[in-house]
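Numbered according to my numbering, the sequence shown terminates at residue 627, and the numbering increases by one at each position without gaps.
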Amino acid sequence: MSPETDGSFRDTLATIDRRGRRIWVYPSRPRGKLYTARRIVATFLLVFLFIAPFIKVGKHPLLLFDIVHRHFFIFGIEIWPHDFHLVVLSVIAFAVFVILFTAAFGRLFCGWICPQTVFLEMLFRRIEFLLEGNGPRQRSFNKAPMSINKFVRKLTKHVLFLGIAFLISNILISYFVGIDKLRELVSSSPTEHMIGFTLMMIFSLAIYGVYTRFREQVCTLVCPYGRLQSVLLDSNSIVVAYDHRRGEPRGKRVRGESRSDKGDCVDCSMCVLVCPTGIDIRHGTQLECVNCTACIDACNSVMKKVGLPPKLIRYTSHDQITKGKGFRITGRIAAYTVVLTLLIGLIGFLAASRSVVETTILRATGRTYDELEDGSIRNLYTIKVLNKSADSLDIELRLASPDGIIDVVGPPLHAEAEKNAESVFVVQIPRKELLTTTTPLVIEVSDGTKILEEVHTTFFGPEPDWNK
Ligand code: SF4
Ligand code: SF4
Numbered sequence: 160m161s162p163e164t165d166g167s168f169r170d171t172l173a174t175i176d177r178r179g180r181r182i183w184v185y186p187s188r189p190r191g192k193l194y195t196a197r198r199i200v201a202t203f204l205l206v207f208l209f210i211a212p213f214i215k216v217g218k219h220p221l222l223l224f225d226i227v228h229r230h231f232f233i234f235g236i237e238i239w240p241h242d243f244h245l246v247v248l249s250v251i252a253f254a255v256f257v258i259l260f261t262a263a264f265g266r267l268f269c270g271w272i273c274p275q276t277v278f279l280e281m282l283f284r285r286i287e288f289l290l291e292g293n294g295p296r297q298r299s300f301n302k303a304p305m306s307i308n309k310f311v312r313k314l315t316k317h318v319l320f321l322g323i324a325f326l327i328s329n330i331l332i333s334y335f336v337g338i339d340k341l342r343e344l345v346s347s348s349p350t351e352h353m354i355g356f357t358l359m360m361i362f363s364l365a366i367y368g369v370y371t372r373f374r375e376q377v378c379t380l381v382c383p384y385g386r387l388q389s390v391l392l393d394s395n396s397i398v399v400a401y402d403h404r405r406g407e408p409r410g411k412r413v414r415g416e417s418r419s420d421k422g423d424c425v426d427c428s429m430c431v432l433v434c435p436t437g438i439d440i441r442h443g444t445q446l447e448c449v450n451c452t453a454c455i456d457a458c459n460s461v462m463k464k465v466g467l468p469p470k471l472i473r474y475t476s477h478d479q480i481t482k483g484k485g486f487r488i489t490g491r492i493a494a495y496t497v498v499l500t501l502l503i504g505l506i507g508f509l510a511a512s513r514s515v516v517e518t519t520i521l522r523a524t525g526r527t528y529d530e531l532e533d534g535s536i537r538n539l540y541t542i543k544v545l546n547k548s549a550d551s552l553d554i555e556l557r558l559a560s561p562d563g564i565i566d567v568v569g570p571p572l573h574a575e576a577e578k579n580a581e582s583v584f585v586v587q588i589p590r591k592e593l594l595t596t597t598t599p600l601v602i603e604v605s606d607g608t609k610i611l612e613e614v615h616t617t618f619f620g621p622e623p624d625w626n627k
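Shown next as structure tokens:
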């Protein structure tokens with residue numbers, strides 16, 4: 160029985176032999192329409208990755224994930240620790256989106272957008288093709304004894320790999336510390352920022368190690384998304400698939416021989432030779448497949464050469480191949496879509512109703528209330544206003560309820576952009592307004608033109624005198 164029919168190929172990884180040793184993959188250079196399209200998408204993504212840290216929206220960075228200070232900017236929108244519910248909801252929405260997208264379109268993300276694939280296939284692998292030749296040539300090049308030519312090519316490759324790893328590590332760090340801080344780190348002596356410098360070197364070496372040695376093992380052994388494929392996909396999901404009904408029984412093409420008893424697969428193995436994860440897609444959907452489409456391009460070019468229709472390997476679903484059923488909106492996809500729409504609506508509402516200030520009002524410690532000569536009661540409060548906007552603000556307070564006087568007795572509430580303003584204020588209320596010892600207060604915080612926030616607190620007073 161062959162592995163195609165007994166399924167034994169599922170018992171082993173294509174890149175690890177039975178003794179647990181690595182089988183190095185030497186994929187051939189992909190060519191074709193899909194590869195060209197992937198190169199265009201990858202170019203766009205790489206350009207975006209390298210220029211995004213320099214882009215500002217107004218006075219804010221486009222993207223910044225300052226985890227240390229819990230201060231984020233996502234497409235220019237500022238997220239403070241107080242807005243962390245938005246981050247949590249966004250992460251949940253993203254997870255639902257990934258599940259929905261995978262249920263519908265399989266592992267499309269891995270082949271086209273995932274940084275691991277983009278860096279490996281579009282940067283590192285292309286340098287290797289340039290310096291060491293196509294896949295089979297690389298194999299013999301590696302086996303050949305050391306020569307000046309081999310030494311120079313290997314040295315050039317590793318210097319370039321290290322340089323790119325260093326560049327990627329720097330640009331990734333800038334997403335967490337900001338481009339200005341990165342400039343400062345890069346332009347000053349390493350002894351002035353040993354921790355930053357050490358982290359940068361560790362990241363650079365880790366990236367170099369991943370793309371020099373670990374490679375496709377990240378996708379097959381480490382990536383949690385890859386491991387989840389078996390539960391996210393179903394027979395309706397669109398994946399890179401071999402049309403076994405059309406291709407089997409496969410057989411080598413022999414000149415002049417009739418193929419009436421054979422399928423369209425000419426068993427040329429081109430789809431296997433180009434596969435960067437070393438698998439044979441003709442076995443069916445496999446965990447290792449990153450949907451890179453290299454096998455589609457390879458098979459299409461073979462089909463063209465032998466005069467058969469293309470798309471023996473294509474983007475399609477298992478149901479389409481076996482039952483001729485087109486893509487359907489299943490109950491699972493509909494349910495994920497509803498959940499995602501609700502989450503996006505909620506995030507949009509919360510983001511739109513967010514205030515540009517965050518006000519904290521506390522009663523002054525050690526005091527309850529003062530009774531004034533005119534019979535009114537006075538409470539003292541401290542106030543802290545965080546200005547989350549990119550402009551400075553002059554904050555004004557108004558007592559919305561109950562009737563009374565509010566007066567800032569400390570420093571004026573002037574808050575510079577992204578800074579706090581602190582002060583002290585008093586609230587004075589006629590005793591007749593106080594029906595209990597604890598009266599709810601509503602204070603409007605404004606910038607003089609519009610109300611930015613409404614803060615609720617309490618006002619302490621004496622027991623009401625019902626005889627007056
Ligand atoms: S099977 Fe095809 S799509 Fe999947 S990883 Fe290999 S070449 Fe890419
Ligand atoms: S490239 Fe196409 S024809 Fe060649 S072995 Fe693969 S599936 Fe068969």
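For every residue, glycine included, the Cβ atom is placed at its ideal position computed from N, Cα and C.
With 16 other Cβ atoms within 10 Å as the buried cut-off, status of residue i
i	result
Asp339	exposed
Ala324	buried
Lys470	exposed
Ser187	buried
Pro240	exposed
Ala576	exposed
Arg190	exposed
Arg374	buried
Phe283	buried
Glu622	exposed
Arg177	exposed
Met360	exposed
Ala173	buried
Asn459	buried
Arg180	exposed
Chain C within 8 Å of residue i, Cβ atoms only
i	result
Pro623	Any reference to chain C falls outside this structure, which holds one protein chain only.
Cutoff 7 Å; reference residue i; Cβ partners in own chain excluding five residues on either side
i	result
Gln297	Tyr185, Glu287, Glu291
Leu245	Ile238, Ile506, Leu509, Ala510
Leu319	Ile286
Gln388	Arg266, Leu446
For residue i, three-class secondary structure by DSSP
i	result
Gln587	strand
Phe234	coil
Thr202	helix
Glu280	helix
Asp562	coil
Tyr401	strand
Asn293	coil
Leu267	helix
Ser389	helix
Phe486	coil
His636	In this structure the chain extends from 160 to 627, so residue 636 is not present and cannot be described.
Asn301	helix
Thr616	strand
Asn308	helix
Asp456	helix
Ile480	helix
Lys609	coil
Lys313	helix
His244	helix
Under 8 Å between C-beta atoms of residue i and residue j
i	j	result
Leu539	Val583	yes
Ala400	Met281	no
Thr617	Thr598	yes
Ala574	Gly217	no
His219	Phe231	no
Arg405	Asp423	yes
Leu572	Ile588	no
Thr519	Lys543	yes
Cβ shell of residue i (< 6 Å), same chain only, five flanking positions each side left out
i	result
Val431	Asp439
Ala559	Val601, Glu603
His317	none
Leu193	Thr452, Ile455, Asp456
Cys378	Gly385, Val449
Ile327	Ile366
Gly534	Arg590
Ser363	Ala324, Phe325, Ser328
Beta-carbon contacts of residue i that lie in its chain and below 8 Å, excluding the five residues immediately before and after
i	result
Ala252	Leu499, Leu502, Ile503, Ile506
Phe213	Ile338
Phe486	Ala263, Asn395, Ile397, Ser476, Gln479
Pro162	For Pro162, the predicted structure reports a pLDDT of 48, less than 50, and the residue's modelled location is therefore unreliable. A value from the coordinates is still provided. Cβ within range, chain order: Phe168, His442.
Lys309	Phe300, Ala303
Asp562	Ile588, Pro589, Glu592
Val255	Tyr495, Val498, Leu499, Leu502
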